[in-house]
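What follows is a short report on a single structure.
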C-alpha cells in the first residue's frame, strides 16, 4: 500500500472534532482546513497534550507558541521536505518516518511544506518542561537549543511517544494517571540525553526511607479504589515525583502500579470469596478500583491464573 493510501486509510480512525481541541477552536479557517483528522488528549494533572494528526499541509501562523512542541513523523506522501526555522536558522526535514522536530516556546517559528503528513505531536508548557528537566538534572535547566536547529531521530523517544498516545487511546484507560507522569518524565529525560545534557548517575542502592515507604503504602491501601496518580503517592511519601517510581521499585521490588494492582486483586478475592452473591462483577470491579468487569477479569487472570467467576464458584 502506498504512503498516501496508508494515510487516507487512517483517516476514519481519527474521529475527534477539531472543535474539541481548544488550541484550534478559534484558529482561522485556512488552518483548520489543513487538518484532515485528529485524535487529541489533554492531561491537566500531569501537564501535557498529545495528538495524532493527519495534515494536508503544514500549519504555522508565525506566532510564538506558549508550549514546546515535539513532533514525530509517522508517515508522509509529500514529495518535498518540510522547511523550518525555529528561530535558530533554517533547515529541511526529510519526509522519512521517525524524523522529529522540536519547536521552542516563546520563539516565533516558520514551517512550510505540502503533505499529506501523519504525525504524533506532544505539547508541554515551558515552565512544566523546565521544572521536570531541572529535577531530573539535579540543577537548573537551561535549554534544548541544539534540538531546535535541525531534525533528529531517536528510537527510544519514538517508542515513548507512541506508548503515551496508545495509553490515552486505549479503552478503558487503565492505570493512565499512575504511569503518564513516568512516561512524560522519560520523554524529557530522553530529550536531555540526546541534547548532550549530563544526567546524574542512578545508584542501585538508593531506597526510600522507612517512614516514606510506610506513608506511601498506607495511603495506597486506604485509597486503592481511587484513580490514584504517581504524583499523589509521591507527595504523601515526601519524594520528588520524578524519582519516586525508581525509588519505590528499588525498595519494594516492583513499580507502584503493580503494587496497587496487587492490593486491588487481593480485595477482589475477599469480595469474591466472602462477599454477598448479590454483588455483580460490575460492582466488585468498581469497589476494587477497576474500570470495568473486563478490566478486573484481565488483571485477575494475570495474577491469580483463573477468572473471577471460577474463583467465586470454587474458592
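In my numbering, the protein residues as written are 6 to 320. Ideal Cβ positions, reconstructed from N, Cα and C, are used throughout, including at glycine. Predicted model, so just to flag it, every value in this text is computed and none were measured.
*Residues of its chain near residue 161, where Cβ-Cβ distance is below 6 Å and the 5 sequence neighbours each way are ignored*: Within the chain shown, the letter at position 156 stands for residue 161. The beta carbon of residue 161 sits closer than 6 Å to those of 195, all from its chain and outside the five residues before and after it, given in chain order.
*Is there contact here, the segment 117 to 126 with the segment 52 to 64, by at least three beta-carbon pairs under 8 Å?*
These segments touch.
_Given a cut-off of 8 Å on the beta-carbon distance, is the pair residue 244 and residue 233 in contact?_
For the purposes of this step, residue 244 is taken as the residue at position 239 of the chain shown. For the purposes of this step, residue 233 is taken as the residue at position 228 of the chain shown. Against a cut-off of 8 Å, the Cβ pair of residue 233 and residue 244 comes out as no contact.
*Ordered along the chain, which non-local residues of its own chain (more than five positions away) have a Cβ less than 8 Å from that of residue 37?*
Position 32 of the chain shown, counted from the first residue, corresponds to residue 37. The residues are 23 and 29.
*asked:* Can you tell me where the beta strand (DSSP E) holding residue 82 begins and where it ends?
replied: Residue mapping note: residue 82 aligns to position 77 of the chain shown, counting from 1. Where residue 82 is concerned, there is no enclosing beta strand (DSSP E), given that its DSSP letter is neither H nor E.
*asked:* Given this structure, state the Cα-to-Cα distance separating residue 81 from residue 12, to the nearest angstrom.
replied: Looking up residue 81 in the chain shown gives position 76. Looking up residue 12 in the chain shown gives position 7. One C-alpha to the other measures close to 8 Å.
*Considering only C-alpha positions, which residue in the set 79, 304, 52 and 133 is nearest to residue 9?*
Position 4 of the chain shown, counted from the first residue, corresponds to residue 9. Nearest to residue 9 by alpha-carbon distance, out of 79, 304, 52 and 133, is 79.
_Helix, strand or coil, according to DSSP, for residue 2 in the structure here?_
What the structure shows of the chain is the stretch from 6 to 320, and residue 2 is not part of that stretch, so it cannot be assessed.
*Return the residue from the list 91, 130 and 104 that minimises the CA-CA distance to residue 113.*
Position 108 of the chain shown, counted from the start, is the residue given in the question as residue 113. That would be 91, whose Cα lies nearest to the Cα of residue 113.
_CA nearest to the CA of residue 317, picked from 290, 282 and 298_ = Position 312 of the chain shown, counting from 1, holds the residue named residue 317. Ranking 290, 282 and 298 by Cα distance to residue 317 puts 282 first.
*asked:* So the candidates are 275, 217 and 130; which of them puts its Cα closest to the Cα of residue 256?
replied: Numbered from 1 along the chain shown, position 251 holds the residue referred to as residue 256. The candidate whose alpha carbon is nearest that of residue 256 is 217.
*Taking buried to mean at least 16 other C-beta atoms within 10 Å of its own C-beta, is residue 94 buried or exposed?*
Walking along the chain shown from the start, residue 94 turns up at place 89. The residue is exposed, with fewer than 16 neighbouring Cβ atoms inside 10 Å.
*Is it true that the CB of residue 193 sits closer than 8 Å to the CB of residue 141?*
Numbered from its first residue, the chain shown carries residue 141 at position 136. Numbered from its first residue, the chain shown carries residue 193 at position 188. For residue 141 and residue 193, yes; Cβs fall inside 8 Å.
*Is DSSP giving residue 406 helix, strand or coil here?*
Summary: the structure shown does not reach residue 406, with the chain confined to residues 6 through 320, and so no result is reported for it.
*Cα-Cα, which of 56, 273, 48 and 106 is closest to residue 42?*
Numbered from its first residue, the chain shown carries residue 42 at position 37. Measuring from the Cα of residue 42, the nearest candidate turns out to be 56.
*8 Å Cβ cutoff met for residue 261 and residue 166*: As a working mapping, residue 261 is identified with position 256 in the chain shown. As a working mapping, residue 166 is identified with position 161 in the chain shown. For residue 261 and residue 166, no; Cβs fall outside 8 Å.
_Below 8 Å on the Cβ atoms is my contact criterion, and I expect residue 249 with residue 235 to pass it. Report the Cβ-Cβ distance as a whole number of Å._
Residue 249 sits at position 244 when you count from the first residue of the chain shown. Residue 235 sits at position 230 when you count from the first residue of the chain shown. At roughly 6 Å, the Cβ-Cβ gap stays under 8 Å, so residue 249 and residue 235 are in contact.
*Supposed close pair residue 32, residue 76 - CB separation, criterion 8 Å*: One-based indexing of the chain shown puts residue 32 at position 27. One-based indexing of the chain shown puts residue 76 at position 71. Residue 32 to residue 76, Cβ: 17 Å. No contact.
*Measure the alpha-carbon distance for residue 158 versus residue 279 and round it to whole angstroms.*
By one-based count along the chain shown, residue 158 stands at place 153. By one-based count along the chain shown, residue 279 stands at place 274. Straight-line Cα distance between these residues: approximately 54 Å.
*Rounded to a whole number of angstroms, what is the C-alpha to C-alpha distance between residue 65 and residue 115?*
Counted from its first residue, the chain shown places residue 65 at position 60. Counted from its first residue, the chain shown places residue 115 at position 110. So the alpha carbons of these two residues sit roughly 6 Å apart.
_Range of the contiguous beta strand (DSSP E) that encloses residue 57_ = Sequence index remark: in the chain shown, residue 57 carries index 52 (1-based). Note, residue 57: beta strand (DSSP E), 53 to 62.
*asked:* Quick check: residue 128 and residue 54, are their CB atoms within less than 8 Å of each other?
replied: Counted from its first residue, the chain shown places residue 128 at position 123. Counted from its first residue, the chain shown places residue 54 at position 49. Yes, they are a contact pair.
*Taking the DSSP output, what are the residues bridged to residue 44?*
Residue mapping note: residue 44 aligns to position 39 of the chain shown, counting from 1. Bridge partners of residue 44: 57.
_Residue range of the alpha helix (DSSP H) that includes residue 27_ = Within the chain shown, residue 27 is the residue found at index 22, counting from 1. That run of the alpha helix (DSSP H) goes 27 to 30.
*Is the segment 222 to 230 close to the segment 281 to 300, with three or more CB pairs under 8 Å?*
Touching, yes.
*C-alpha distance - residue 338 paired with residue 146, whole-angstrom precision*: Lying outside 6 to 320, the shown extent of the chain, residue 338 is not represented and no answer is given.
*Report, in whole angstroms, the separation of the C-beta atoms of residue 189 and residue 51, which I expect to be a contact under 8 Å.*
By 1-based counting over the chain shown, the position of residue 189 is 184. By 1-based counting over the chain shown, the position of residue 51 is 46. With 8 Å as the limit, residue 189 and residue 51 qualify as a contact, their Cβ atoms being about 6 Å apart.
*asked:* In the DSSP output, which residue or residues are listed as bridge partners for residue 72?
replied: Within the chain shown, numbered from 1, the residue matching residue 72 stands at position 67. According to DSSP, which records beta bridges pairwise, residue 72 is partnered with 130.
_Buried or exposed (CB count within 10 angstroms, at least 16 for buried), residue 187_ = Numbered from its first residue, the chain shown carries residue 187 at position 182. Looking at its Cβ environment, which holds 16 or more other Cβ atoms inside 10 Å, residue 187 is buried.
*asked:* Do residue 153 and residue 107 have their beta-carbon atoms positioned less than 8 Å apart in this structure?
replied: In the chain shown, the residue the question calls residue 107 occupies position 102. In the chain shown, the residue the question calls residue 153 occupies position 148. If you check the CB distance, residue 107 and residue 153 come in under 8 Å.
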